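One structure is given below, encoded as structure tokens.
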Amino acid sequence: MTTFEPLSRRDLLRAGAGTGLMIGMGATGLITLGPVAEAVAETGRVLKVNTLAATAAINVPMQAALKAELARIAGFAAPEVRPTAKIPQIASEVIAGAADLGDADVASSLAAAEAGADIKIIGLSYNNTSQVVVVNADKTKSLEGIAQEGGTIAVNSIGDFMYVMLIGALIKRQIDPKKVNFIEMGSSGDRARALMAGRVDAVPMHIEQAAELATKGNYQILVRPWEEFGNWLSAVVMTTGKWLEPDANKAAAVAVLKAVLTSFRKANGDYGWYKEQVGLYASSKSLKEADDAFLKPVWQTLTTDIKAFPADMQTMTPDEFAKVLPVYKEAGALKGTLKLDGIIDRTYVDQAVKELG
1 MTTFEPLSRR
11 DLLRAGAGTG
21 LMIGMGATGL
31 ITLGPVAEAV
41 AETGRVLKVN
51 TLAATAAINV
61 PMQAALKAEL
71 ARIAGFAAPE
81 VRPTAKIPQI
91 ASEVIAGAAD
101 LGDADVASSL
111 AAAEAGADIK
121 IIGLSYNNTS
131 QVVVVNADKT
141 KSLEGIAQEG
151 GTIAVNSIGD
161 FMYVMLIGAL
171 IKRQIDPKKV
181 NFIEMGSSGD
191 RARALMAGRV
201 DAVPMHIEQA
211 AELATKGNYQ
221 ILVRPWEEFG
231 NWLSAVVMTT
241 GKWLEPDANK
251 AAAVAVLKAV
261 LTSFRKANGD
271 YGWYKEQVGL
281 YASSKSLKEA
291 DDAFLKPVWQ
301 TLTTDIKAFP
311 ADMQTMTPDE
321 FAKVLPVYKE
331 AGALKGTLKL
341 DGIIDRTYVD
351 QAVKELG
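The sequence shown lines up with residues 1 to 357 when you count with UniProt numbering.
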């Protein structure tokens with residue numbers, strides 16, 4: 001059996017035995033199975049995947065991959081998808097061994113790697129970001145204006161990828177970030193309500209949320225990360241090097257990435273498919289029920305402007321990640337000592353591309 005050969009249920013059990021996963025006889029005389037083997041039902045292995053609690057338009061193909069596409073691959077059932085409210089917790093639980101894989105953010109993953117954690121980034125949850133910075137244009141015209149007034153920007157978490165992006169955008173404009181008050185507000189809905197109430201001056205939100213908010217007043221996009229920095233990598237498929245050691249887990253990594261790539265390709269080429277998946281997996285009721293007049297421009301922005309779903313994950317390279325590191329360093333989120341070649345590993349996505357053709 002080669003390293004990436006698709007594994008049958010029997011192969012998975014053998015691999016489990018070969019890696020000390022306790023396949024033996026219980027007191028009843030029945031076979032008892034260890035951690036990997038217990039997750040193998042007749043329908044296939046059930047992986048544990050930590051992901052975001054909310055599914056925005058850009059997250060839909062990833063969710064479709066996990067909840068529908070993966071189970072179509074021999075040897076795998078739909079995974080146990082574990083929604084996680086706090087973004088940094090996704091990577092933390094994978095590092096701790098509580099989950100097999102994480103649909104995690106770049107900031108937490110790279111910070112953990114720099115601190116010495118056994119991190120392997122093996123794929124993209126999506127490319128770039130669909131989050132933008134929105135203001136009430138009747139009151140706020142620029143980042144310079146926010147800084148001059150000692151204004152407030154609400155972000156999900158201090159140190160997350162949008163916080164870092166905003167620090168970079170301020171520095172790019174020669175604005176001292178210390179002149180802006182950053183506060184944490186985990187829910188995008190709460191951030192939108194705070195902006196509408198005038199309690200904050202700017203908030204990050206997804207493009208579809210910005211489009212919906214624009215119908216309620218003069219709310220405009222002030223900062224688009226892809227215009228500021230090109231490809232603002234923000235979400236990755238990550239695990240640990242130790243988890244990748246058994247052949248069964250190598251095969252599982254390839255299977256997950258095949259599922260994600262299949263979703264990416266469908267999303268790029270078939271608006272009808274994308275719309276159907278939004279109806280199934282989006283968190284927002286208004287997004288689920290959106291008509292073509294609203295949803296199709298969102299899809300076009302994702303697939304054309306943001307290039308959110310690269311067919312071969314071709315942007316997942318150390319060189320691409322290296323482009324954002326200086327901004328993370330300026331923001332104080334990283335020291336800049338990372339050796340990306342040991343963290344960004346295309347082995348599994350390249351095999352997935354090869355198998356998909």
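C-beta atoms are modelled at their ideal positions from N, C-alpha and C, and glycine is treated no differently.
Here the structure is a predicted model, which means the values were calculated and not measured.
Assuming residue i and residue j are in contact, meaning their beta carbons sit under 8 Å apart, how far apart are those beta carbons, in whole angstroms?
i, j, result
"Ser125", "Val237", "6 Å"
"Asn127", "Thr315", "5 Å"
"Ala248", "Asp105", "Contact flag wrong, Cβ pair sits at about 27 Å."
"Ile73", "Asp160", "Actually they are not in contact, since the Cβ atoms of Ile73 and Asp160 sit about 32 Å apart, beyond 8 Å."
"Asp292", "Asn218", "That belief does not hold up - the Cβ atoms of Asp292 and Asn218 are roughly 25 Å apart, past 8 Å."
By Cβ distance, which residues of its chain are closer than 8 Å to residue i, with the 5 residues on each side in sequence left out?
i, result
"Ala78", "Val46, Leu66, Lys67, Ala68, Leu70 and Ala71"
"Ser286", "Glu212"
"Ser142", "Leu222"
"Phe309", "Pro61, Tyr126, Asn127, Ser263, Phe264, Arg265, Ala267, Asn268, Leu302 and Thr303"
CB-CB under 6 Å to residue i, same chain, minus the five flanking residues each way: which ones, in chain order?
i, result
"Gly191", "Looking at the sequence itself, residue 191 is Arg, so the reference to Gly does not match. Within the same chain, Arg191 has close Cβ partners Ala154, Met185 and Val203."
"Pro225", "Thr129, Met165 and Trp232"
"Gly102", "Asn50, Ile90, Ala91, Val94 and Met238"
"Ile122", "Val237, Ala253, Asp345 and Tyr348"
"Lys288", "Gly279 and Ala282"
"Thr303", "Asn268"
"Thr43", "Ala77"
What residues are listed by DSSP as bridge partners for residue i?
i, result
"Ala235", "Asp105 and Tyr126"
"Ile344", "Ile121"
"Pro204", "Val133"
"Val223", "Val133"
Is it buried or exposed for residue i, if we count other Cβ within 10 angstroms and need 16 for buried?
i, result
"Thr28", "Only weak support exists for where Thr28 lies, its pLDDT of 38 falling under 50; the value from the coordinates is given anyway. Looking at its Cβ environment, which holds fewer than 16 other Cβ atoms inside 10 Å, Thr28 is exposed."
"Ala37", "Unreliable positioning characterises Ala37 in this predicted model, as indicated by a pLDDT of 43, which lies under 50. A coordinate reading is not provided."
"Lys335", "exposed"
"Ile158", "exposed"
"Arg173", "exposed"
"Arg346", "buried"
"Ala197", "exposed"
"Asp176", "exposed"
"Ala98", "exposed"
Looking at the C-beta of residue i, does it have a partner C-beta in chain D at a distance below 8 Å?
i, result
"Tyr126", "In the structure shown, chain D cannot be found, because there is only a single protein chain."
Here's a check: name, in chain order, each residue in its chain whose Cβ is nearer than 7 Å to the Cβ of residue i, leaving out the five neighbours to either side.
i, result
"Gln63", "Thr55 and Tyr281"
"Lys120", "Met238, Thr239, Thr240, Gly241, Leu244, Ile343 and Asp345"
Whole runs of the beta strand (DSSP E) within the region 48 to 97, excluding any shorter than 3 residues = 48 to 52 and 80 to 84
Within the region 140 to 202, ranges of the alpha helix (DSSP H) (whole runs, at least 4 residues) = 143 to 148, 161 to 172 and 188 to 196
task = Would you list, in sequence order, the uninterrupted beta strand (DSSP E) runs of no fewer than 3 residues that lie entirely inside the region 225 to 304?
result = 235 to 239
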